[in-house]
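Each residue of the sequence shown is one higher than the last, beginning at 1 in the UniProt record's numbering.
Using N, Cα and C, we set each Cβ at its ideal position, and we do this for glycine too.
Values in this document were obtained by computation on a predicted structure and should not be read as measured data.
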Amino acid sequence: MAKTLKKLTTIILITLIILLSLHTQMALSTDTDEEEEEEYVLESPLSSQPRTRSRFLASKIIIKKGRHCDNTSVAHNICNGIRSSNGTGLLFCCKKHCRNVLSDKNNCGECGHKCKHGERCCNGICTNLFFNDGSHCGKCNNKCSPGVSCDNGFCGYA
Numbered sequence: 001m002a003k004t005l006k007k008l009t010t011i012i013l014i015t016l017i018i019l020l021s022l023h024t025q026m027a028l029s030t031d032t033d034e035e036e037e038e039e040y041v042l043e044s045p046l047s048s049q050p051r052t053r054s055r056f057l058a059s060k061i062i063i064k065k066g067r068h069c070d071n072t073s074v075a076h077n078i079c080n081g082i083r084s085s086n087g088t089g090l091l092f093c094c095k096k097h098c099r100n101v102l103s104d105k106n107n108c109g110e111c112g113h114k115c116k117h118g119e120r121c122c123n124g125i126c127t128n129l130f131f132n133d134g135s136h137c138g139k140c141n142n143k144c145s146p147g148v149s150c151d152n153g154f155c156g157y158a
């Protein structure tokens, strides 16, 4: 009886460890996949870029997330508070890399301001997406209907 109980306990512990490690790996992979593919389309031309005669001939300037920048040099700082992606991005040079301070959870609102565990950076403010006023329910800018509360990341969850 004691051997059977020991084996059963061991099997349950191993199963729990495997499930927890899979859950952690899935959470980490979704966080990085979501952020790695970001590209920012600049709304105004960089001062170092030559101006064209026609705005129709001007090419879009695209900066990939994490592009190298130098905040000590004006000539090499390509993301010094420049707006991008139709107002959804505000690029700053944080630790020599371009970051969108409106959505980067490690640089939320300003360089170096990290959001707490379980929070996301929504419009430059660290926000708990599971329990809030309903303006960022489950994801940023997902507003609940008037009178409906946000619980567990769902509008009107009962």
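_Could you tell me the alpha carbon to alpha carbon distance between Leu-102 and Lys-143, rounded to whole angstroms?_
Working through the sequence shown from its first residue, we reach residue 102 at position 102. Working through the sequence shown from its first residue, we reach residue 143 at position 143. Answer to the nearest angstrom: the Cα atoms are 17 Å apart.
*Using a Cβ-Cβ cut-off of 6 Å (strictly less than) and excluding sequence neighbours within five positions of Gly-156, which residues of its own chain qualify?*
The residue labelled residue 156 in the question sits at position 156 within the sequence shown. Around Gly-156: Val-148.
_Ile-61 and Leu-90 - do their beta-carbons sit closer together than 7 Å?_
Position 90 of the sequence shown, counting from 1, holds the residue named residue 90. Position 61 of the sequence shown, counting from 1, holds the residue named residue 61. No, they are not a contact pair.
*Report all residues from its chain with a CB closer than 7 Å to the CB of His-113; omit the five preceding and five following residues, and keep chain order.*
Reading the sequence shown from its first residue, position 113 is the one you call residue 113. Answer for His-113: Asn-107, listed in chain order.
*For Asn-128, does the three-state DSSP call read helix, strand or coil?*
Counting from one through the sequence shown, the residue named residue 128 turns up at place 128. If DSSP states are grouped into helix, strand and coil, Asn-128 belongs with the strands.
*Taking just the CA atoms, how far does Leu-129 sit from Cys-121?*
Within the sequence shown, residue 121 is the residue found at index 121, counting from 1. Within the sequence shown, residue 129 is the residue found at index 129, counting from 1. Whole-angstrom Cα-Cα distance: 10 Å.
*Please work out which residues of its chain come closer than 6 Å, Cβ to Cβ, to Asp-151, disregarding the five sequence neighbours upstream and downstream, and give them in chain order.*
Working through the sequence shown from its first residue, we reach residue 151 at position 151. Counting only Cβ-Cβ distances below 6 Å, and skipping sequence neighbours, we find Tyr-157.
*Take Lys-105 and list the residues in its own chain whose beta-carbon comes closer than 8 Å to its own, dropping the five residues that flank it on each side.*
As a first step, residue 105 is located in the sequence shown; it is residue number 105 there, counting from the start. Correct list, in chain order: Lys-114, Cys-115, Glu-119, Arg-120, Cys-121, Cys-126.
*Evaluate His-117 with the Cβ neighbour count: other Cβ atoms within 10 Å of its Cβ, from every protein chain shown; 16 or more gives buried, anything less gives exposed.*
In the sequence shown, residue 117 corresponds to position 117, counting from 1. Exposed.
*With distances taken Cα to Cα, identify the nearest neighbour of Asn-123 among Cys-93, Glu-39, Ile-14, Arg-83.*
On the sequence shown, position 123 is the one that residue 123 refers to. Of the candidates Cys-93, Glu-39, Ile-14, Arg-83, the one whose C-alpha sits nearest the C-alpha of Asn-123 is Arg-83.
_Residues sharing a beta bridge with Asn-100, DSSP_ = Position 100 of the sequence shown holds residue 100. The partner list for Asn-100 (beta bridge, DSSP) reads Leu-91.
*Return the first residue and the last residue of the beta strand (DSSP E) that Glu-39 is part of.*
Working through the sequence shown from its first residue, we reach residue 39 at position 39. Run containing Glu-39: 39-41, per the beta strand (DSSP E) assignment.
*What do you get for His-136, buried or exposed, if any count of 16 or more other CB atoms within 10 angstroms of its CB means buried?*
Looking up residue 136 in the sequence shown gives position 136. Burial call: buried.
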